[in-house]
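Notes follow the structure.
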């Protein structure tokens, strides 16, 4: 299956260049991200330019919370702004419904390959 994810310029470039290795998304009933599996592809679209980069999902892993994800994956791989773990947690918790829903649904991590480089990508599965 193919998935389409739109990203702002900074995040899109960081993923394309291999700097940002983890990307989070809110689970919505209007998307099928919760059905992603190894072998699927993700088309990341730059919201500003429309340019795309394609990743292949290689592996999926689940985390119970943001702290565990940031400690395991490294905040430098998750956040493109050079933040601390505490800053990363605050950032995720500032998004609508994330703070209350992450304990319910956790976080999925996807291992993907982009431009012949292995990268890890996560998708956060939360309800609206």
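Residue numbers (my numbering): 33 to 160. Even glycine gets a Cβ: it sits at the ideal position worked out from N, Cα and C.
### Task
State the start and end residues of the unbroken beta strand (DSSP E) segment that holds residue 84.
On the chain shown, residue 84 is found 52 positions in, with the first residue counted as 1. Counting along the chain, the beta strand (DSSP E) containing residue 84 begins and ends at 84-95.
#### Entry: residue 36 vs residue 66 beta-carbon contact at 8 Å
Counting from 1 along the chain shown, the entry for residue 36 is found at position 4. Counting from 1 along the chain shown, the entry for residue 66 is found at position 34. Result no, Cβ atoms of residue 36 and residue 66 do not sit closer than 8 Å.
### Query
Do you know how far the Cα of residue 129 is from the Cα of residue 135?
Mapped onto the chain shown, residue 135 falls at position 103. Mapped onto the chain shown, residue 129 falls at position 97. Each residue's alpha carbon lies about 11 Å from the other.
### Task
Please state if the CB of residue 92 and the CB of residue 70 are separated by a distance shorter than 8 Å.
By one-based count along the chain shown, residue 70 stands at place 38. By one-based count along the chain shown, residue 92 stands at place 60. Yes.
### Task
Using 7 Å as the cut-off, classify the Cβ of residue 33 as near or not near the heavy atoms of the ligand NAD, replying yes or no.
The ligand NAD is not among the ligands present in this structure, which contains no ligands whatsoever.
### Secondary structure of residue 116, DSSP reduced to three states
Looking up residue 116 in the chain shown gives position 84. Three-state DSSP puts residue 116 in coil, outside helix and strand.
### Task
Enumerate in chain order the residues of its own chain whose CB-to-CB distance from residue 96 is below 6 Å, with the five nearest sequence positions on each side excluded.
Indexing the chain shown from 1 puts residue 96 at position 64. Contacts found: 138.
### Query
With residue 98 and residue 120 assumed to form a contact (beta carbons below 8 Å), what rounded beta-carbon distance in angstroms separates them?
Against the chain shown, residue 98 aligns to sequence position 66. Against the chain shown, residue 120 aligns to sequence position 88. Indeed, because the Cβ distance is near 7 Å, the residues count as touching under 8 Å.
### Message
When you compare the CB positions of residue 34 and residue 77, do they come within less than 8 Å of one another, or not?
### Response
Counted from its first residue, the chain shown places residue 34 at position 2. Counted from its first residue, the chain shown places residue 77 at position 45. No, the pair does not count as a contact, with Cβ atoms beyond the cut-off.
#### Entry: Start-to-end residues for the alpha helix (DSSP H) that takes in residue 133
For this step, residue 133 is matched to residue 101 along the chain shown. 130-137 is the extent of the alpha helix (DSSP H) around residue 133.
### Query
Between residue 109 and residue 53, is the Cβ-Cβ spacing less than 8 Å?
The residue labelled residue 109 in the question sits at position 77 within the chain shown. The residue labelled residue 53 in the question sits at position 21 within the chain shown. It is a contact, given that the beta carbons lie within the stated cut-off.
### Task
Run through the segment 40-76 for me and flag every whole beta strand (DSSP E) of 3 or more residues, listed as ranges in chain order.
none
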